[in-house]
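In what follows, a structure is listed as C-alpha cells, so that the remarks can point back to it.
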Amino acid sequence: MAKQEIPKDIQAMSFEQALAALEEIVETLESGKGKLDEAIGSYERGAALKRHCEAKLREAQAKVSQIQLGADGPAGLKDVEIE
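Under the working numbering, the very last position in the sequence shown is 86; numbers go up by exactly one each time.
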C-alpha cells in the first residue's frame, strides 16, 4: 500500500487546528447538506487530516516515552527521530 501524501496546508497545522478542521468536516458530512462531489472532497480532506492528527499523536507519544523520571521529576527529554 502506497503512503498517501498529506497536503502542505495540512502539514502546517497544529494538532488542535487539524482536529478542529476534521470535526467541522464530520459535522458537515453528518448533516447531509451539500453536493456529492463536495462530500467526496471533504471526505478525502478529512482522511488527510486524520492521518496528520495520528502522526502528531505518535510524535507526542514518542516524546513522552523518552522522559526520564528522576527523584526530582523529569530528568530530561531526549530528542527522538519520528518516521
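Heads up, the beta-carbon is just placed ideally off N, CA and C, and yes, glycines get one too.
Query                                                                                                                                                                                    : Result
Classify residue 46 as buried or exposed, calling it buried when 16 or more other Cβ atoms lie within 10 Å of its own Cβ.                                                                : exposed
Less than 8 Å between the CB atoms is what I'm expecting for residue 51 and residue 9, so what's the real figure, rounded?                                                               : 5 Å
Between residue 27 and residue 39, what straight-line distance do the alpha-carbon atoms span, to the nearest angstrom?                                                                  : 17 Å
Could you name the residues of the same chain whose beta carbon sits closer than 8 Å to that of residue 37, not counting the 5 residues immediately before and after it, in chain order? : 31, 45
Count the other CB atoms, across all protein chains shown, that sit within 10 Å of the CB of residue 25; report buried if there are 16 or more and exposed otherwise.                    : buried
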